[in-house]
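See below for the structure under consideration.
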Amino acid sequence: MKDIIIIANPSSGKKQAEEYAAKAQSLFEDNQRQADVRITESEEDIVKYVKEASSNKYDTMILLGGDGTVSKAGESLKDEEYRPKIGIIPTGTINNIARGLGIATNIDQAVEDLVNCKEQITDVGMINDKLFLSSISAGSIPETVWEVSKDQKEKFGSLAYFIEGFKSLREEEIYSIEMTIDGKEMEVDLTLLVIGLSNSVAGIPNFFNEATYDDGYLYLFGLKKSTLGEKISVMTSLLNDSEALSDEQNKGFVIPFKQGSFKNDHNLNVALDGEKGPCFPFDIKILPAFLTFLVPEN
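If you want my numbering, it's the 1-based position in the sequence shown plus 69.
So, in structure tokens, the structure goes:
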């Protein structure tokens, strides 16, 4: 078994991955650990190097990149018999997966924490045949996720998503969605559907207050047709008090569940971990205790 492989995606976020890969390698060597570095030039390279980490049975795989990089790495391990422990140095734009795991979004701190960390076994989600590690979403706002250009992300960071999201509020569409949630059938008209694994969604902490990466549940948030004022009220209740959200049930709701199926008459895509994902219809389920991440000891 080999020790550590560092996989850096230099195109993520503010393009600091190579610099911090070298820093992490030096830090590991100072702590008597051997670290090999791989720099990606394409999405295919992420898959190639993750497969290398699995086939050569590296003990630990350190990923430098954003949610797309981490999600692609997780997906690449889906069918592997051996899955190494995963550390994240968040050099992307939103870094929602790292946030949900309690990993520092300050890159220097995230590097330092890797030599004083603990293991956390985590759930992942599966939509059709693809894994996701953070969230999926559908509706007019999520469609803006893949409309944000790389230039916008580099210039505005996470603010780029919110700029496009607020633009979409003026063009709200209503989607009739048929859902079967843990065997219970329902049909509801929604403007926004979000399904997440942890408390953090789109960089927003406490989106799902009760959710953790190891509780064996997915969490669904549905937003019905509403005015801007009603949306603000629903989101305020969601982020601050799950009991207060019950007073907003006519406009928004949260459901914890383990598996479900979703249908819609439109050719509607979902956003999957910040990237364009599959279309409706889709099946979704939780895969408990699937990956092991390294998180700060404290």
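Ideal Cβ placement from N, Cα and C applies to all residues, glycine included.
| query | result |
| --- | --- |
| Which listed residue (Asn-268, Thr-109, Gly-321, Val-303) has its alpha carbon closest to that of Lys-293 | Gly-321 |
| Simplified DSSP assignment, three categories, for Gly-143 | helix |
| 4 or more residues per run - each alpha helix (DSSP H) lying fully within the region 155–204 | 165–169, 176–182 |
| Length-filtered (3 minimum) beta strand (DSSP E) runs lying within the region 92–120 | 104–108 |
| Straight-line Cα distance separating Val-339 from Val-323 | 18 angstroms |
| C-beta contact flag for Leu-170 and Phe-362 at 8 angstroms | yes |
| Helix, strand or coil at Leu-337 [DSSP, three-state] | coil |
| Contact check, Ile-115 vs Lys-141, beta carbons under 8 angstroms | yes |
| Proximity below 8 angstroms, CB of Ala-86 to CB of Gln-94 | no |
| Close Cβ partners of Asp-55 (< 6 angstroms) along its chain, the five nearest in sequence each way excluded | Because the chain here runs from 70 to 367, residue 55 falls outside it and cannot be looked at. |
| Between the CA atoms of Asn-197 and Val-180 - distance to the nearest angstrom | 34 angstroms |
| Cross-strand partners of Lys-332 (DSSP beta bridge) | Glu-247 |
| Contact set for Ile-176: own chain, Cβ-Cβ below 8 angstroms, skip 5 residues either direction | Gln-85, Tyr-89, Ile-158, Pro-159, Thr-160 |
| DSSP state of Asp-148 mapped onto helix, strand, coil | coil |
| Ile-172 burial status per 10 Å Cβ neighbour count (16 or more: buried) | buried |
| Where the beta strand (DSSP E) through Ile-273 begins and ends | Looking at the DSSP string, Ile-273 is not in any beta strand (DSSP E), and its letter there is neither H nor E. |
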